[in-house]
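Data block below; observations after.
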Amino acid sequence: MAKFVISRRKFLTSASLGVSGIMLSGCDAFDSQLRVGDGLRSFLEGANGLTWRAQRLLAGDSLAPEFTEADIRQPQRPNGVTAPDDDVYKGLLANNFADWRLEVSGLVEKPLSLTREQLMNMPSRTQITRHDCVEGWSCIAKWTGTPLSLVLDQAVVKPQARYVMFHCLDTIDRSLSGDIKYYGSIDLIDARHPQTILAYGLNGKPLPVENGAPLRVRVERQIGYKMPKYLRKIELVDSFATIGGGRGGYWEDNGYDWYGGI
């Protein structure tokens, strides 16, 4: 069974990246060809929808492969922003995130404002999984955190909610029109998957800055750019059409697949 799961994982990675991945240069840049016209973008979005449906059909609610301590052979490789140059973030870091709060808002009955200590006092999950980056590398690490489903249950998600938006502290793009903070989204099916956690621990130690402290998302059945770091707010929405470029995330607005399933 394990061999089947791994081979299926590789198949779905190939399906997801085979059409559009050849045109993407990784999490630190995007190919300008994706801006040439709506026809190309529509084609890629169609391939993305096919991958989403295929993953749902083949994977269902199965778990991503998990590994042993012996499989951890190197530190978790940092990627993208590794030291946010943002005054708010640096102020929080200087006080060891004592003033940081995770806000949970949007389509919920009970908005939340949680400290890191409150999250760490909730039931936790530890999992040793493989991080697959769109750039082509992978890394096995042990992650510890609060299952996202527990936070959603505490907030009481409204029936019309369809997606979980993640808003982050790090600036991913600076321009004359203003700074763009990193953001992304997943649907409620992946949000409630048992391996989807809000991670505050890495390899038995507190999550370091270069890997997303104080809190990052782990969505183990998806590509790395679907796991935002430096998390500050979770927002439940019924659509992301009016958020950013309307495609569900920073990289998605710039041509990446919304559903980066593997």
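Take UniProt numbering: the final residue in the sequence shown is number 262, and no numbers are missing along the way. Every residue, glycine too, gets a C-beta built ideally from N, C-alpha and C. Here the structure is a predicted model, which is why all the values come from computation and not from measurement.
Using the Cβ count rule (16 or more neighbours within 10 Å means buried), how would you classify residue i?
i	result
P84	buried
E70	The amino acid at residue 70 is misidentified as Glu; the sequence shows Ala. Exposed: under 16 other Cβ atoms inside 10 Å.
D79	Note that residue 79 corresponds to Asn in the displayed sequence, not to Asp. By the neighbour-count rule (16 or more Cβ atoms within 10 Å), N79 is buried.
G260	buried
E220	buried
A241	exposed
S113	exposed
K181	buried
S239	exposed
D179	exposed
Express the C-alpha separation of residue j and residue i in angstroms, rounding to a whole number.
i	j	result
R77	N211	8 Å
S62	L188	15 Å
I243	L202	31 Å
P194	S177	39 Å
L148	K226	14 Å
M165	K233	8 Å
R125	T144	6 Å
E117	R174	32 Å
R162	D87	33 Å
I172	N254	12 Å
D99	R216	17 Å
R41	T68	Bear in mind that the predicted position of R41 carries a pLDDT of just 48, short of 50, making it unreliable; the figure below should be weighed with that in mind. About 40 Å.
K205	D153	27 Å
Q74	D132	14 Å
Q160	I262	27 Å
residue 297	S185	There is simply no residue 297 to check, as the chain begins at 1 and stops at 262 in what is shown.
F97	I72	28 Å
F11	N95	Residue placement at F11 is flagged as unreliable, the pLDDT there being 39, under the threshold of 50; the coordinate-derived value follows with that caveat. Taking the straight line from one Cα to the other gives about 45 Å.
Apart from the five residues on each side of it in sequence, which residues of its chain come closer than 7 Å, Cβ to Cβ, to residue i?
i	result
V157	L107, V108, L236
Y89	L169, D170, Y230
T115	R101
L150	M122, P123
T82	E210
L92	D99, W100
G136	none
Leaving out the 5 sequence neighbours to the left and right, which residues in its chain are closer than 6 Å to residue i when beta-carbon positions are compared?
i	result
R130	S138, I140
L119	T146
K142	I128, N203
A191	L148, V164
R218	W143, I197, A199, M227
Would the beta-carbon of residue i fall within 8 Å of that of residue j?
i	j	result
L207	T146	no
G248	W258	yes
P214	C168	no
Counting only the same chain and skipping the five closest in sequence on each side, list residues whose C-beta sits under 8 Å from that of residue i.
i	result
P111	E103, V104, S105, A155
V36	At V36, the pLDDT of 39 sits below 50, so the modelled position is not reliable; the number obtained from the coordinates is stated separately. Within the same chain, V36 has no close Cβ partners at all.
Y183	M165, F166, H167, C168, P228, I243, G244, G249, Y250
Can you list, in chain order, the stretches of the beta strand (DSSP E) that have 3 or more residues and sit fully within the segment 189-250?
197-202, 216-218, 231-237
If you scan the segment 65-128 from start to end, which runs of the beta strand (DSSP E) of 3 or more residues do you find wholly inside it?
102-106, 112-114
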